[in-house]
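Counting in the UniProt record's numbering, the sequence shown runs from 1 upward without gaps. Just so you know, even glycine gets a beta-carbon here, dropped at the ideal spot from N, CA and C. Let me begin by presenting the structure, written as structure tokens, before commenting on it.
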Amino acid sequence: MKRIVWFLLPLALFLGLTIFLFQGLYSDPRERESEALAKTFPTFQLPDLMDETITYNNDIFAEQVTLINVWGVWCTTCAIELPYLEDLKDQGYRVVGLYYDQDLDPDFGTKTIQRVRSEVLTTLSKYGDPYAFNIFDVYRDTSLDLGVTGAPETFLVDKEGVIRVHHLGDINDRVWRNKFVPVLTEMGELIPKNTDEVGS
Numbered sequence: 001m002k003r004i005v006w007f008l009l010p011l012a013l014f015l016g017l018t019i020f021l022f023q024g025l026y027s028d029p030r031e032r033e034s035e036a037l038a039k040t041f042p043t044f045q046l047p048d049l050m051d052e053t054i055t056y057n058n059d060i061f062a063e064q065v066t067l068i069n070v071w072g073v074w075c076t077t078c079a080i081e082l083p084y085l086e087d088l089k090d091q092g093y094r095v096v097g098l099y100y101d102q103d104l105d106p107d108f109g110t111k112t113i114q115r116v117r118s119e120v121l122t123t124l125s126k127y128g129d130p131y132a133f134n135i136f137d138v139y140r141d142t143s144l145d146l147g148v149t150g151a152p153e154t155f156l157v158d159k160e161g162v163i164r165v166h167h168l169g170d171i172n173d174r175v176w177r178n179k180f181v182p183v184l185t186e187m188g189e190l191i192p193k194n195t196d197e198v199g200s
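Given below as structure tokens:
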């Protein structure tokens, strides 16, 4: 009996590991369930990217639905996404950037804040500027609290500061219609582009 158990144990472990790896091979990491959903946006107090004398906190969500877009100039997909976000801004949605820089070390000055601002302005002038303002996540603390794994990522935050949607990757028309429009409709916050979008 013991021999059978010792024989079957490695086989069971092997099969379990095979199933786990097989699921990972065919799963889309962008479709994983976010741990941030239905939770209050993490408490933060961070400066404006372009003017450090301005500080933002959770009061920015008071009575206004907000799209928080995590991005950086180092992110190619973020640049591709900017025109679509600008279109959402033109429709009346409020888009706020949560910016962090991979090459900026606040303690040792790998890249100066002046250079970061210059790169941001260049990128936004080239691809479009959808942002009401950009929050500077200096040490990436807020991004970490949100469970951000990269950029771009976007959070739809309601008027009470609760996260209603968390999307990994760029927002395009398909993502917007399938993921954001149903939630905005449920919230009564959908701003239709035309008369037939409400029914779509």
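| said: Using 8 Å as the threshold, is the C-beta distance between Leu98 and Thr142 below it? | reply: Yes, the pair counts as a contact, with Cβ atoms nearer than the cut-off.
| request: Decide if Glu160 is buried, meaning its Cβ has at least 16 other Cβ atoms within 10 Å, or exposed. | output: Classification of Glu160: exposed, given that the 10 Å Cβ count is below 16.
| task | Can you give me the Cβ contacts of Phe180 inside the same chain, cut-off strictly under 7 Å, excluding the 5 residues immediately before and after it? | result | Leu156 and Val165, listed in sequence order.
| Simplified DSSP state of Gln114, which is helix, strand or coil | The DSSP-derived three-state label of Gln114 is helix.
| Separation of Ile163 from Ala38, as counted between CA atoms | Each residue's alpha carbon lies about 5 Å from the other.
| request: Have a look at the DSSP bridge pairing and note the partners of Glu153. | output: Val70 and Leu168
| query | Could you give the distance in angstroms between the alpha-carbon of Glu186 and the alpha-carbon of Tyr93? | reply | 16 Å
| field | Own chain partners of Pro152 with C-beta closer than 8 Å, once the 5 adjacent residues on each side are dropped | value | Asn69, Val70, Trp71, Cys75, Thr77, Cys78, Glu81, Gly169, Asp170 and Ile171
| field | Nearest residue (CA-CA) to Arg177, options Leu88, Met50 and Val73 | value | Leu88
| request: Determine the closest residue to Phe136 out of Glu119, Ser125 and Asp101, with distance taken between C-alpha atoms. | output: Asp101
| request: Taking all protein chains shown into account, decide if Asn57 is buried (16 or more other Cβ within 10 angstroms of its Cβ) or exposed. | output: exposed
| request: Measure the CB-CB distance between Ile54 and Val96 and report whether it falls below 8 Å. | output: no
| request: Can you say whether Pro83 is buried or exposed, counting buried as having 16 or more other CB atoms within 10 angstroms of its CB? | output: Pro83 should be labelled exposed.
| task | Might you give, ordered along the chain, the residues of its own chain that have their beta carbon closer than 6 Å to the beta carbon of Ser34, omitting 5 neighbours on each side? | result | His166
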